[in-house]
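If you count the sequence shown from 1, position 71 lands on 68 in our numbering, and the numbers rise without skipping.
Here a beta-carbon is modelled for each residue, glycine too, at the ideal position from N, C-alpha and C.
Have a look at the structure below, then the notes.
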Amino acid sequence: MKTEHQRTALITGANKGIGKEIARQLGQRGFAVFIGARDITKGREAAEELCQQGYEATFIQLDVTDPVSIKNAYGTFSQKAEHLDVLINNAGILEDHGEDILKLNPELLDRTLKSNVTGPIIVTQDFLPFLKKSPTGGRIINVSSGAGALNDMSTYAPAYSISKTALNAVTRQFAGALRSENIAVNCVDPGWVRTDMGGSGASRPVEKGAETIVWLATEASQSETGKFWHDKQECAW
Ligand SMILES: NC(=O)c1ccc[n+]([C@@H]2O[C@H](COP(=O)([O-])OP(=O)(O)OC[C@H]3O[C@@H](n4cnc5c(N)ncnc54)[C@H](OP(=O)(O)O)[C@@H]3O)[C@@H](O)[C@H]2O)c1
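Pasting the structure below:
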């Protein structure tokens, strides 16, 4: 069991990409990190890699589209920790293939909303009892995207963009509902990052993509809540 002084973080979709880098950076800062991943082999490998680097990392199987998997993850977490300081809803999918909304496949839209919107809502609801026990005040960070900002929305990737706009709204809703619990809820545009999703031509390394998320999880004021961030600056919705 963790002592109540060790900070804990659960990151969904942490077996690769930005999620894995967030876990590494939080591990470096002394957090006990919980690697949420839907695939057992990939999740275990990521946690082992971080342990070999000297960080405290534990794999938790968690498919954000499966409410039973989320409940089981809650059960596993409860055997290993007493509180959760930071929840990072990072898992996400981008399945649009260049079509604009005139040709948007409704099944693709459903899948995208389930992963990128409903998943974070259920994970947040289910892990709230542990976030409420955080001695420092809980922090929830939703990994959004510039594609979700309405202020300069184009026709790019309609299902994905709509899902990230909705995730921003989810952020505002939880921020309002949890203000009296001292739980801060924010969302972040990590920029265009070199991962399987972002592709090899993206402009940013994962270290930069994770930077603002880790800052919100650690150094940012607890009073910052209900905001959309990019490079540690509040940005337009
Ligand atoms: N890369 C960019 O340029 C960029 C830009 C803006 C925002 N973002 C956001 O950043 C976040 C991380 O993206 P990334 O670039 O690191 O992409 P990535 O390398 O494709 O990683 C996505 C992660 O999400 C996981 N995932 C997907 N569906 C899941 C589910 N149902 N349950 C649990 N895990 C699931 C994946 O697991 P598997 O390995 O099992 O598939 C993987 O671990 C996403 O929310 C994305 O929208 C990325």
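What's the gap between the Cα of residue i and the Cα of residue j?
i	j	result
residue 77	residue 214	21 Å
residue 47	residue 53	7 Å
residue 181	residue 128	10 Å
residue 156	residue 166	15 Å
residue 6	residue 80	9 Å
residue 0	residue 74	Any reading at residue 0 must be qualified, since the residue scores a pLDDT of 45, below 50, and its modelled position is unreliable; the value itself is stated next. Straight-line Cα distance between these residues: approximately 14 Å.
residue 173	residue 138	14 Å
residue 164	residue 49	34 Å
residue 19	residue 86	11 Å
residue 230	residue 223	13 Å
residue 15	residue 158	18 Å
Return the chain-ordered list of same chain residues with a C-beta closer than 7 Å to the C-beta of residue i, the five sequence neighbours on each side being excluded.
i	result
residue 99	none
residue 12	32, 34, 36, 39, 40 and 43
Within 10 angstroms of its Cβ, does residue i collect 16 or more other Cβ (buried), or is it exposed?
i	result
residue 61	buried
residue 107	exposed
residue 37	exposed
residue 59	buried
residue 133	exposed
residue 144	buried
residue 125	buried
residue 211	buried
Taking 7 Å as the line, does the beta carbon of residue i fall inside it for any heavy atom of ligand 1?
i	result
residue 131	no
residue 238	Residue 238 cannot be examined here, being either before or after the span of the chain that is shown, -2 to 234.
residue 35	yes
residue 15	yes
residue 126	no
residue 197	no
residue 218	no
Hey, is residue i's beta-carbon within less than 8 Å of any beta-carbon in chain D?
i	result
residue 60	Annotation note: the requested chain D is absent from the structure, which comprises a single protein chain.
Spatial neighbours of residue i within its chain, please: CB distance less than 6 Å, with the 5 preceding and 5 following residues excluded, ordered by chain position.
i	result
residue 232	225
residue 160	109, 110, 113 and 114
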